[in-house]
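Peer 1: Quick note: the working numbering has the sequence shown finishing at residue 467, numbered continuously throughout. We put the beta carbon where it would ideally sit given N, CA and C, even for glycine.
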Amino acid sequence: MFSHRFGNAPEALNPQWRARLSLEAAGARILDMTLANPTLAGIPYPEGIPALLNRPSVLRYRPSPRGKPETRAAIAAYYASRGPEVSAEDLILTASTSEAYAFLFKLLCDPGDEILIPIPGYPLFDALADLEHVKLVRYPLRRDTRWRADFGFLRSLVSTRCKALILVNPNNPTGHLADASEIRAYLDFAAEYGLALIVDEVFRDYLLGDRAFLPVASSGPLVFTLNGFSKMLGLPQLKLGWIHVGGAREAVQAALGHLEWIADAFLSVNTPVQDAAGDLLKLDRAVQTAILARLRANLATAERLAAESQCMRILRPEAGWYLVLDLRLDEEDESLAQELIETGRVYVYPGHLFGFEEGCRLVISLLGPETEFSEGLGRISALAAARAQSPRGAAPRQSADKD
Ligand SMILES: Cc1ncc(COP(=O)(O)O)c(C=O)c1O
């Protein structure tokens, strides 16, 4: 009776989540090392946000499928202050970045068409693609000192049904930032194969090292750039995202026309956030400074604990909210994550959820409150050390990575 969209949906909750639920039901205190919801992480937000949403105009409904012109102008002004300049005319508003992906999959793909996604990468792509009957083809990012796509290999993955290539910049979860030569390579590759390039920039404002963020600008292939308030302003509950369309003018106009038609079918962006967007965007530096302080403090803790540990390393991110732990254990990430929840009362993501195939990797968020982050990571390090010495574990081995 139901559609085939649910073909790949997991039947049951993953085992770590199940264990967490039953432990919490029994009153245990769990340290959630995956907390990536800024509104629950004790981030100090500037005052006055609720008042900005409370205006008389919220009682008037005058839908505009592309999004209100003044809201798009405010977003264009944000880009102008950070570069590159974009035209408000080339923006389409959505309720989230996730919805932006859904719109783009509808725009570009017939059922069974393919989209290239990076691996390791953002796990939600599977659900988003299944819901649109799109097939994902994974292109590996390989790491020597930095993560890079192997464009030679990428070529072997492109079929006649391939419609788009996704670049998540900065990447979730590796935190890798694309440099100028990589961006050029993505644009050239998209142009050569007639693919659209979808660039997810939700973490662009969260730089953790010396490397600068470089935006992707195109006068050739169609480039769809995604962002939204969820990460940019740490306000996922306000539900505002967008797509910027760049590339050759005629193709941009055609894409915008179709996207408007899709958006008109849903009109999903709420009026209060659109009316408040200009004022909310003025809070960008305040929110980002508070979030960055948290990310940097937790990253410093992780660096310190990794330096003290024989068997826990971090893969240092250049940007973003996530951290990959590299445990030098002869052990499956899944069983380590399970033991961490069952005996350590620490909830983490096993790396395979993000597509890590080698080594024993865990993915954690850098956004959690500092004392809990430090306590949780301390427990991970202690359990890894015990595992390295116990009969079940093996002697620490060389990781697949150089660092
Ligand atoms: C890389 C990436 N893109 C998109 C999103 C989703 O953003 P939104 O809340 O706007 O749907 C996330 C959320 O974690 C993400 O990590």
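Buried or exposed, going by whether 16 or more other CB atoms sit within 10 Å of the CB of Arg425?
Peer 2: Arg425 is buried by the Cβ-count criterion.
Peer 1: Where in the region 114-171 do unbroken runs of the alpha helix (DSSP H), each at least 4 residues long, occur, reported from the N-terminal end onward?
Peer 2: Whole alpha helix (DSSP H) segments, 4+ residues: 133-146.
Peer 1: Relative to the C-alpha of Leu302, which candidate in Glu372, Gln453, Ser294 has its C-alpha closest?
Peer 2: Of the candidates Glu372, Gln453, Ser294, the one whose C-alpha sits nearest the C-alpha of Leu302 is Ser294.
Peer 1: Looking at Leu363 and Leu441, is the spacing between their C-beta atoms short of 7 Å?
Peer 2: Going by C-beta atoms, Leu441 is not nearer than 7 Å to Leu363.
Peer 1: Evaluate Asp208 with the Cβ neighbour count: other Cβ atoms within 10 Å of its Cβ, from every protein chain shown; 16 or more gives buried, anything less gives exposed.
Peer 2: Counting Cβ neighbours within 10 Å, Asp208 comes out exposed, since fewer than 16 surround it.
Peer 1: Determine the burial state of Trp306: buried for a count of at least 16 other Cβ atoms within 10 Å of its Cβ, exposed for fewer.
Peer 2: Buried, by the Cβ-count rule.
Peer 1: So is the beta-carbon of Pro300 under 6 Å away from any non-hydrogen atom of ligand 1?
Peer 2: Answer for Pro300: yes, Cβ within range of ligand 1.
Peer 1: Just to confirm the assignment, what range does the alpha helix (DSSP H) spanning Arg248 have?
Peer 2: From DSSP, the alpha helix (DSSP H) with Arg248 extends over 244-257.
Peer 1: If Leu221 sits next to Val263, beta carbons under 8 Å apart, how far is it from one beta carbon to the other, in whole angstroms?
Peer 2: That pair is no contact at about 19 Å.
Peer 1: Taking 6 Å as the cut-off, is the beta-carbon of Leu292 closer than that to any non-hydrogen atom of ligand 1?
Peer 2: What sits at residue 292 in the sequence shown is Gly, not Leu. Yes, since a heavy atom of ligand 1 falls inside the 6 Å radius drawn around the Cβ of Gly292.
Peer 1: Here's the rule: buried if 16 or more other CB atoms are within 10 angstroms of the residue's CB, otherwise exposed. What is Glu382?
Peer 2: Glu382 is buried by the Cβ-count criterion.
Peer 1: By a C-beta neighbour count over all protein chains shown, 10 Å radius and 16 as the cutoff for buried, is Ala76 buried or exposed?
Peer 2: Burial call: exposed.
Peer 1: Looking at Phe167: is its Cβ nearer than 7 Å to the Cβ of Ile428?
Peer 2: Contact flag unset, no.
Peer 1: Between Ala152 and Val309, what straight-line distance do the alpha-carbon atoms span, to the nearest angstrom?
Peer 2: Spanning the two alpha carbons is a distance of roughly 10 Å.
Peer 1: To the nearest angstrom, how far is the alpha carbon of Phe189 from that of Pro237?
Peer 2: Spanning the two alpha carbons is a distance of roughly 13 Å.
Peer 1: Please determine, among Val232, Tyr257, Leu259, the residue with the shortest C-alpha to C-alpha distance to Glu246.
Peer 2: Nearest option by C-alpha distance: Val232.
Peer 1: Counting along the chain, where does the alpha helix (DSSP H) carrying Asp194 start and finish?
Peer 2: Start and end: 189-195.
Peer 1: Check whether the Cβ of Asp190 sits closer than 6 Å to any heavy atom of ligand 1, and report yes or no.
Peer 2: False, no ligand heavy atom lies under 6 Å from that Cβ.
Peer 1: State the Cα-Cα distance for the pair Gln462 and Leu104, rounded to the nearest angstrom.
Peer 2: Any answer about Gln462 is weak, because its pLDDT of 44 lies below 50 and its placement is not dependable; what the coordinates show is given next. Taking the straight line joining both Cα atoms gives about 37 Å.
Peer 1: In whole angstroms, give me the CA-to-CA distance for Glu439 and Thr158.
Peer 2: Answer to the nearest angstrom: the Cα atoms are 38 Å apart.
Peer 1: Measure the CB-CB distance between Ala260 and Leu323 and report whether it falls below 7 Å.
Peer 2: Contact flag unset, no.
Peer 1: Would the beta-carbon of Met376 fall within 7 Å of that of Ala448?
Peer 2: Against a cut-off of 7 Å, the Cβ pair of Ala448 and Met376 comes out as a contact.
Peer 1: For the alpha helix (DSSP H) that contains Leu278, what are its first and last residues?
Peer 2: It is not in any alpha helix (DSSP H) - Leu278 carries neither H nor E in the DSSP assignment.
Peer 1: Could you please give the first and the last residue of the uninterrupted beta strand (DSSP E) stretch that includes Ser264?
Peer 2: The question names Ser, yet the displayed sequence has Asp at residue 264. That run of the beta strand (DSSP E) goes 260-264.
Peer 1: Should Leu331 go down as buried or exposed, given a rule of 16 or more other Cβ atoms within 10 Å for buried?
Peer 2: With fewer than 16 Cβ atoms within 10 Å of its Cβ, Leu331 is classed as exposed.
Peer 1: For Glu149, count neighbouring C-beta atoms within 10 Å of its own C-beta (all shown protein chains included) and say buried if the count is 16 or more, exposed if not.
Peer 2: Label assigned to Glu149: exposed.
Peer 1: Using 6 Å as the cut-off, classify the Cβ of Asp194 as near or not near the heavy atoms of ligand 1, replying yes or no.
Peer 2: Not so, every heavy atom of ligand 1 lies at least 6 Å from the Cβ.
Peer 1: Tell me which residue opens and which closes the alpha helix (DSSP H) that Gly321 is part of.
Peer 2: Per DSSP, Gly321 belongs to the alpha helix (DSSP H) from 313-330.
Peer 1: Please classify Gly176: is it buried, with 16 or more other beta-carbons within 10 angstroms of its beta-carbon, or exposed?
Peer 2: Answer is exposed; the Cβ neighbour count stays below 16.
Peer 1: Compute the minimum distance between the beta carbon of Asn118 and the heavy atoms of ligand 1, and state whether it is under 6 Å.
Peer 2: It does not: the Cβ of Asn118 is nowhere closer than 6 Å to a heavy atom of ligand 1.
Peer 1: Just to check, is the beta-carbon of Ser332 closer than 6 Å to a non-hydrogen atom of ligand 1?
Peer 2: Checking every heavy atom of ligand 1 against the Cβ of Ser332, none is found closer than 6 Å.
Peer 1: Assess, as a yes-or-no matter, whether the region 402-420 is touched by the region 86-95 under the definition of 3 or more beta carbon pairs within less than 8 Å.
Peer 2: They touch, by the three-pair rule.
Peer 1: Rounded to the nearest angstrom, what separates Val388 and Phe277 at their Cα positions?
Peer 2: Each residue's alpha carbon lies about 20 Å from the other.
Peer 1: Confirm, please, whether the CB-CB distance from Gly342 to Ala89 is below 7 Å.
Peer 2: Taking 7 Å as the Cβ cut-off, Ala89 and Gly342 do not qualify as a contacting pair.
Peer 1: Could you tell me the alpha carbon to alpha carbon distance between Arg268 and Glu421, rounded to whole angstroms?
Peer 2: Arg268 and Glu421: Cα-Cα distance of roughly 26 Å.
Peer 1: Alpha carbons only, please: which of Asn235, Arg275, Ala357 is nearest the one belonging to Pro184?
Peer 2: Comparing Cα-Cα distances from Pro184 to each of Asn235, Arg275, Ala357, the minimum goes to Asn235.
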